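The numbering of the sequence shown is full-length UniProt numbering, which starts it at 1 and goes up by one.
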Amino acid sequence: MNCELAHERMVTAAYGELSDELTHELERHLAGCPSCQSEREQIIALRVLANAHPVVEPDPNLVARAHLHLDEALDAIPPKRWYERFGARILNNFATLQGAPVAALLLLVAGAGAGVLGGYQYAQGRAAHAATEAAASSSVKSQPAARQTALTNVTGVSAIVRQPNSEMVDVSYNQLVPRQIEGSLDDPAIRQLLMLATEDAASPGIRDDSVALLAAECRAGHSCQPTGIREALMVALRYDRSPKVRQKALEGLQPYVADDVRVRDAVLEAVLNDSDPAVRTAAIGLLEPVDADTSVRQVLYSVSNSDDNPQIRNVSRQVLSRVHEIQ
């Protein structure tokens with residue numbers, strides 16, 4: 001084996017694609033050729049260096065924003081006028097027309113000009129028609145029933161403002177760029193954004209506002225189950241870091257403690273595990289209408305006897321004493 005062939009096989013072996021037989025043959029050559037052995041060590045060092053510095057994949061949001069800016073830049077380029085396109089076409093085809101008779105050349109130029117002008121007018125008409133259709137389509141999509149399909153790429157909710165003495169609320173949310181829609185609290189798109197804000201809002205105040213609005217909807221007797229509002233309030237009660245948000249979630253769940261076992265279990269978890277005494281006290285108060293339930297009484301007995309907080313023990317005993325009075 002000569003050195004040139006050994007160089008090719010060293011590269012193949014570095015990627016693990018050399019057969020065992022050829023590998024043994026290469027090893028025999030390297031044992032007697034210091035220059036090839038030195039080159040092999042350089043290849044190995046290069047591979048180790050490449051593995052130590054892997055190529056980092058670009059952030060998908062960065063790529064999406066770059067595409068968006070590129071599209072905007074391309075849209076900002078003004079289109080060429082019809083006579084500029086006509087002149088460029090004449091210049092491109094001029095070489096093929098040099099040997100043509102003058103009369104034929106004039107006829108061809110006149111025909112080409114008429115064709116370009118007619119095509120330009122037709123294109124202008126089509127563009128105007130397309131713009132009209134796009135405007136009509138945009139108007140239809142702006143209706144509340146179709147808004148929900150436009151919320152697939154929401155990255156966060158940045159502001160919530162309720163209009164005084166009305167069911168209308170302004171929600172500012174972020175896609176690739178900030179957006180804002182206005183609609184009633186009964187609007188599925190508005191509700192979807194409010195539920196998103198309970199988990200992924202730009203600030204604790206926005207989470208507070210979203211939970212407060214959803215809780216008010218539930219207390220007002222509006223539909224809170226098919227749209228997942230009840231589940232969003234239970235998640236906020238269990239996992240939100242703000243005691244104020246957890247307390248408002250409790251207020252929204254109050255109408256469902258008696259009938260929904262899942263809500264009752266979430267409230268019992270708050271009694272046992274919440275870190276804020278005010279939230280625990282409020283949760284115990286919500287359990288009073290169902291204090292005859294076995295699981296509720298067990299939790300209240302446990303808390304009244306062994307909880308570290310005297311206030312929690314006292315409130316639990318008061319609820320249990322009312323149960324005994326009723327019995």
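Beta carbons are placed, not taken as given, at the ideal position from N, Cα and C, and that holds for glycine.
These numbers come from a predicted model, not from an experiment.
Range covered by the alpha helix (DSSP H) that runs through Ser306: Your numbering for residue 306 matches position 306 in the sequence shown. That run of the alpha helix (DSSP H) goes 294-306.
Cross-strand partners of Tyr173 (DSSP beta bridge): Within the sequence shown, residue 173 is the residue found at index 173, counting from 1. Looking at the DSSP assignment, Tyr173 forms a beta bridge with Val157, Arg179.
Euclidean distance between Cα positions of Gly205 and Val48: On the sequence shown, position 205 is the one that residue 205 refers to. On the sequence shown, position 48 is the one that residue 48 refers to. Roughly 50 Å separates the two Cα atoms.
Separation of Tyr15 from Cys3, as counted between CA atoms: In the sequence shown, counting from the first residue as 1, residue 3 sits at position 3. In the sequence shown, counting from the first residue as 1, residue 15 sits at position 15. Whole-angstrom Cα-Cα distance: 19 Å.
Beta-ladder partner(s) of Arg162, from DSSP: Here residue 162 is taken as the residue at index 162 of the sequence shown, counted from 1. For Arg162, which the question treats as bridged, DSSP gives the partners Val169.
Beta carbon of Leu233 nearer than 9 Å to that of Thr198: Position 233 of the sequence shown, counting from 1, holds the residue named residue 233. Position 198 of the sequence shown, counting from 1, holds the residue named residue 198. Going by C-beta atoms, Leu233 is nearer than 9 Å to Thr198.
Which of helix, strand or coil DSSP assigns to Gln143: Here residue 143 refers to the residue found at position 143 of the sequence shown. Because the pLDDT of Gln143 is 48, which lies under 50, any placement of that residue in the model is unreliable, and the number read from its coordinates should be weighed accordingly. Three-state result, Gln143: coil.
Residue 332 to Pro78 span [Cα, whole Å]: In this structure the chain extends from 1 to 327, so residue 332 is not present and cannot be described.
Start-to-end residues for the alpha helix (DSSP H) that takes in Gly285: Counted from its first residue, the sequence shown places residue 285 at position 285. Following the DSSP letters along the chain, one finds Gly285 inside the alpha helix (DSSP H) bounded by residues 277-286.
Cβ pair Val235, Leu193 closer than 9 Å: On the sequence shown, position 235 is the one that residue 235 refers to. On the sequence shown, position 193 is the one that residue 193 refers to. For Val235 and Leu193, no; Cβs fall outside 9 Å.
CB-CB length for Val263 against Tyr256, believed under 8 Å: As a first step, residue 263 must be located in the sequence shown, where it is residue number 263. As a first step, residue 256 must be located in the sequence shown, where it is residue number 256. So it is a contact: roughly 4 Å between Cβ atoms.
Length of the line joining the Cα atoms of Ala76 and His67: Taking the sequence shown and counting its residues from 1, one reaches residue 76 at position 76. Taking the sequence shown and counting its residues from 1, one reaches residue 67 at position 67. In this structure, the CA atom of Ala76 is about 14 Å from the CA atom of His67.
Own chain, CB closer than 8 Å to Val11, minus 5 neighbours either side, in chain order: Here the question's residue 11 lines up with position 11 in the sequence shown. Ile43, listed in sequence order.
Residue(s) in a DSSP beta bridge with Ser184: Taking the sequence shown and counting its residues from 1, one reaches residue 184 at position 184. Looking at the DSSP assignment, Ser184 forms a beta bridge with Met168.
Extent of the continuous alpha helix (DSSP H) to which Asp59 belongs: Position 59 of the sequence shown holds residue 59. Segment: none, Asp59 is in no alpha helix (DSSP H) and carries neither H nor E.
Of the listed residues Ala292, Ala73, Ala6, Asp71, nearest to Gly32 (C-alpha basis): Looking up residue 32 in the sequence shown gives position 32. Cα-wise, what sits closest to Gly32 is Ala6.
Collapsed DSSP secondary structure at Ser203 in the structure displayed: What you label residue 203 is simply residue 203 of the sequence shown in a count that begins at 1. Three-state DSSP puts Ser203 in coil, outside helix and strand.
Sequence-distant residues of its chain with Cβ nearer than 6 Å to Asp170 (five each side left out): Here residue 170 is taken as the residue at index 170 of the sequence shown, counted from 1. Excluding sequence neighbours, Asp170 sits near Val161, Glu182.
Nearest-angstrom Cβ-Cβ length linking Met168 and Ser184, presumed shorter than 8 Å: On the sequence shown, residue 168 is found 168 positions in, with the first residue counted as 1. On the sequence shown, residue 184 is found 184 positions in, with the first residue counted as 1. Met168 to Ser184, Cβ: 6 Å. Contact.
Reduced DSSP secondary structure (H/G/I, E/B, other) of Leu18: Within the sequence shown, numbered from 1, the residue matching residue 18 stands at position 18. In this structure, Leu18 counts as coil in the three-state DSSP scheme.
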